[in-house]
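Take 3 as the starting number for the sequence shown in the numbering used here and just add one per residue.
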Amino acid sequence: MTSRDYLNNKFDVIVVGAGHAGCEAALSAARLGCNVLLCTLNVDNIALQPCNPAIGGPAKSTLVREIDALGGVMGEVADATYIQMKTLNSSKGPAVRALRAQSDKKEYTQYMRHILESTDNIWIKQTCITDLKVVDKKIVGAVDEYGIEYSCRAIILTTGTSLEGKMYVGLQAYSGGRLGERAAIGLSASLREHGIITKKLKTGTPARVDKRTIDYSKMSVQPGDEKLSFYSFKPNRPVRQQYPCYLTRTNEETHAIIRANLDKSPMYQGLIQGVGPRYCPSIEDKIVRFASNPSHHIFIEPEGLNTYEVYIQGFSTSLPACVQVEMLRSLPGLENAHIIKPAYAVEYDYVPAVQTKHSLMSKDIDGLFFAGQINGTSGYEEAAAQGLVAGINSVKYLNNEDAVELSRASSYTGTLIDDLVTKDIQEPYRMLTSRSEYRLLLRQDNADERLTELGHRIGLIDDSQYQRFLQKQENIQKEIARLKEAKLPATDEVNAILAKYGEHIERGVRLAELLKRPNITYDIFRECDEETRNLNLSDDIVEEAEVLIKYDGYIKRQEQQVETSEKLEKYRIPANIDYSKIKQISTETKEKLEKIRPTNLAQASRIGGVKPADISVLMVMLGK
Numbered sequence: 003m004t005s006r007d008y009l010n011n012k013f014d015v016i017v018v019g020a021g022h023a024g025c026e027a028a029l030s031a032a033r034l035g036c037n038v039l040l041c042t043l044n045v046d047n048i049a050l051q052p053c054n055p056a057i058g059g060p061a062k063s064t065l066v067r068e069i070d071a072l073g074g075v076m077g078e079v080a081d082a083t084y085i086q087m088k089t090l091n092s093s094k095g096p097a098v099r100a101l102r103a104q105s106d107k108k109e110y111t112q113y114m115r116h117i118l119e120s121t122d123n124i125w126i127k128q129t130c131i132t133d134l135k136v137v138d139k140k141i142v143g144a145v146d147e148y149g150i151e152y153s154c155r156a157i158i159l160t161t162g163t164s165l166e167g168k169m170y171v172g173l174q175a176y177s178g179g180r181l182g183e184r185a186a187i188g189l190s191a192s193l194r195e196h197g198i199i200t201k202k203l204k205t206g207t208p209a210r211v212d213k214r215t216i217d218y219s220k221m222s223v224q225p226g227d228e229k230l231s232f233y234s235f236k237p238n239r240p241v242r243q244q245y246p247c248y249l250t251r252t253n254e255e256t257h258a259i260i261r262a263n264l265d266k267s268p269m270y271q272g273l274i275q276g277v278g279p280r281y282c283p284s285i286e287d288k289i290v291r292f293a294s295n296p297s298h299h300i301f302i303e304p305e306g307l308n309t310y311e312v313y314i315q316g317f318s319t320s321l322p323a324c325v326q327v328e329m330l331r332s333l334p335g336l337e338n339a340h341i342i343k344p345a346y347a348v349e350y351d352y353v354p355a356v357q358t359k360h361s362l363m364s365k366d367i368d369g370l371f372f373a374g375q376i377n378g379t380s381g382y383e384e385a386a387a388q389g390l391v392a393g394i395n396s397v398k399y400l401n402n403e404d405a406v407e408l409s410r411a412s413s414y415t416g417t418l419i420d421d422l423v424t425k426d427i428q429e430p431y432r433m434l435t436s437r438s439e440y441r442l443l444l445r446q447d448n449a450d451e452r453l454t455e456l457g458h459r460i461g462l463i464d465d466s467q468y469q470r471f472l473q474k475q476e477n478i479q480k481e482i483a484r485l486k487e488a489k490l491p492a493t494d495e496v497n498a499i500l501a502k503y504g505e506h507i508e509r510g511v512r513l514a515e516l517l518k519r520p521n522i523t524y525d526i527f528r529e530c531d532e533e534t535r536n537l538n539l540s541d542d543i544v545e546e547a548e549v550l551i552k553y554d555g556y557i558k559r560q561e562q563q564v565e566t567s568e569k570l571e572k573y574r575i576p577a578n579i580d581y582s583k584i585k586q587i588s589t590e591t592k593e594k595l596e597k598i599r600p601t602n603l604a605q606a607s608r609i610g611g612v613k614p615a616d617i618s619v620l621m622v623m624l625g626k
């Protein structure tokens, strides 16, 4: 970028918002050669974690690994700033295992900002974009709150909860997208002027409490893992000291306080119209919806190493501040709790994603992309994955190249985007393992196998990392081949070890066959097989080799399902198809097909209310 371009406010891409989506979008576009203006309401809150200071969890950890495999940075930042690492569901199958990193909130923000500021072609500016400049249904620029005009050919909107945001603490309302930060005013009106539909959603966050006022002796300690796992596939990941979280529970006193004050809740008084996240309800929602539950888990999580602030997970609320004090002090260990920041609910504008393509570009305005909560999602990981895809595709658009569109069979990221653009989401969308029909194929351990090749082709994975990836895959296949050939003898010594795990062998058994038994893990081979012990393979190679052997039959079954689905994906639907002229399908189905405008029969089959018979009609009509 020339100094003249900068002085003339001329950029290739403008990213509006510097949360998790905006950071990945800006970085990917810049690393692919574009000049990027990254606009944010507060430069000190880049990549802020306004809710839970944690990265990962069920399904979300897979998204983080996918981001890393494609060349994004969330995994790298989480690895560099964790204060606790923990693998959830470790005793269950590989499809539901999930890594979770408790982050140092301030460190995370600072680390991400450093990456942004160290990347060529990114210009950060604290300002609010209030208007879009559109000519002939194409983005040509934007205008900020000061009346300054910027020219560009692509804009990525990653506004989080800021868009016309209104916060509620009890029946009092405040303009703002999150505590301590103003709302983004003006852009919603501009979107609507250009024909983009906006709607309202709601979310919230718990209070923050001073840890010096907590009696941890009344709570259960929740330590991190002794054996560390990481998100990024890059080498030299830091080993840091870990800090515990704690567990307490609500009780009948807590519930009674909440029930007695529901008349002071903006949700229950109809002040908030937006729908909140189903899978992260407020504590008052839990008490009302699950009235028979005598108590609910509440986790006490540190926000960082250099702060007294702790996060009260599971206790989000919009009740008045004085009621929040009473509620908190009814919990074991929090009898003397001092609230640093009150809990609040926030209602904000979003853009229903049925108005976008799988590339995350608007169907109606070329060069306009959406990523993160503005698409109706909830979660840092969901946002970052979308931001990465939007950033990549903004460059593809500028270069007049085909967009990168991830399939449901390739990734949770592809599943997430397909759900958003195909289904008319009515509540904040969170990625869950259950949303994927191919979750045994889309594990966190094999994200690099699924997506690194694509990341390298795009240009976000460098040659050195790609070579490390190829070497790792080779080592996995070598180990699988060895396990299929090597035999474990049925000696007394071997059976004495196997007996500890409820197993016994009468004759020599190949290691791969033995590994398929439910009680047997690879670690047992290190006890009873000298060759395995001497190999000293890394944990990531062992994990994937074990999964591929142990679940071989199930994996092949899902691969067959993918093949069946891919047949429908090959049947492309013309962009100009007139559904109103198809007599054999119902009016309701026509309306849904017209609204979504699916690009192929597979996508059409996933639209709610579209029946198999309708797909058959379309297939005949298309001459297939």
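All C-beta atoms, glycine included, are put in the ideal place defined by N, C-alpha and C.
- Separation of alanine 100 and aspartate 580 (C-alpha to C-alpha, rounded to the nearest whole angstrom) is 45 angstroms.
- Rounded to the nearest angstrom, the Cβ distance from valine 348 to glycine 179 is 7 angstroms, consistent with a contact under 8 angstroms.
- Residues of the same chain with a CB within less than 7 angstroms of the CB of alanine 262, apart from the 5 flanking positions on each side, do not exist.
- The region 308-320 and the region 202-209 touch, with no fewer than 3 CB-CB distances between them shorter than 8 angstroms.
- Here aspartate 133 carries a strand assignment [DSSP, helix/strand/coil].
- At the C-beta level, phenylalanine 232 and aspartate 81 come within 8 angstroms of one another.
- Judged by DSSP in its simplified three-state form, aspartate 212 adopts strand.
- For the pair glycine 457 and leucine 442, the Cα-to-Cα distance works out to about 22 angstroms.
- Shown here, glutamine 315 sits in a strand according to DSSP, grouped into three states.
- Taking a contact as a CB-CB distance under 8 angstroms, the pair lysine 202 and aspartate 351 counts as one, their CB atoms being some 6 angstroms apart.
- Per the coordinates, the alpha-carbon of aspartate 368 lies some 8 angstroms from the alpha-carbon of alanine 156.
- Residue range 107-119 is occupied by the alpha helix (DSSP H) that includes glutamine 112.
- Per DSSP, isoleucine 342 has no beta bridge partner at all.
- For cysteine 324, the number of other beta carbons within 10 angstroms of its own is below 16, and it is reported as exposed.
- Residue range 140-146 is occupied by the beta strand (DSSP E) that includes valine 142, with no alpha helix (DSSP H) assigned at that position.
- Residue pairing by DSSP places histidine 458 in no beta bridge whatsoever.
- DSSP places threonine 89 in the uninterrupted beta strand (DSSP E) bounded by 84-90.
- A Cβ-Cβ contact shorter than 8 angstroms links glycine 335 with aspartate 217.
- Burial is judged here by how many other beta carbons sit within 10 angstroms of a residue's own beta carbon; threonine 566 has fewer than 16 and is exposed.
- Residue environment: isoleucine 463 is assigned as buried (16 or more neighbouring CB atoms within 10 Å of its CB, all protein chains considered).
- Note that the C-beta distance between serine 438 and tyrosine 468 is not below 8 angstroms.
- Beyond the five residues adjoining it in sequence on each side, isoleucine 587 comes within less than 6 angstroms, by CB distance, of Asp616, Val619 in the same chain, given in chain order.
- Using a 10 angstroms sphere on the CB of glycine 21, the tally of other CB atoms reaches 16 or more, which defines it as buried.
- If you draw a straight line from the Cα of threonine 250 to the Cα of valine 38, it comes to about 46 angstroms.
- Under the rule that a run must span 4 or more residues, the alpha helix (DSSP H) segments found entirely inside the region 556-616 read 589-598, 603-607.
- Contact check for alanine 71 against arginine 452 passes: the beta carbons are separated by less than 8 angstroms.
- Per DSSP, the unbroken alpha helix (DSSP H) holding arginine 528 starts and ends at 524-530.
- In its chain, beyond the 5 residues on either side, Ile259 have a beta carbon closer than 7 angstroms to the beta carbon of glutamate 328.
- In the displayed model, arginine 410 falls within coil according to three-state DSSP, outside both helix and strand.
- Taking 8 angstroms as the cut-off, the beta carbon of alanine 23 is found closer than this to the beta carbon of glutamine 388.
- Apart from sequence neighbours up to five positions away, the residues of its chain that approach valine 612 with a beta-carbon distance below 8 angstroms are Thr591, Lys594, Leu595, Ala606, ordered along the chain.
- A direct Cα-to-Cα measurement between glutamine 51 and histidine 116 gives close to 16 angstroms.
- Considering only Ala185, Tyr281, Thr493, His299, the residue with the shortest C-alpha distance to methionine 433 is Tyr281.
- Restricting attention to Pro240, Ala97, Cys247, Ile187, the CA atom closest to the CA of lysine 88 is found in Cys247.
- A direct Cα-Cα distance of roughly 11 angstroms separates leucine 333 from phenylalanine 301.
- Following the DSSP letters along the chain, one finds glycine 206 inside the beta strand (DSSP E) bounded by residues 201-207.
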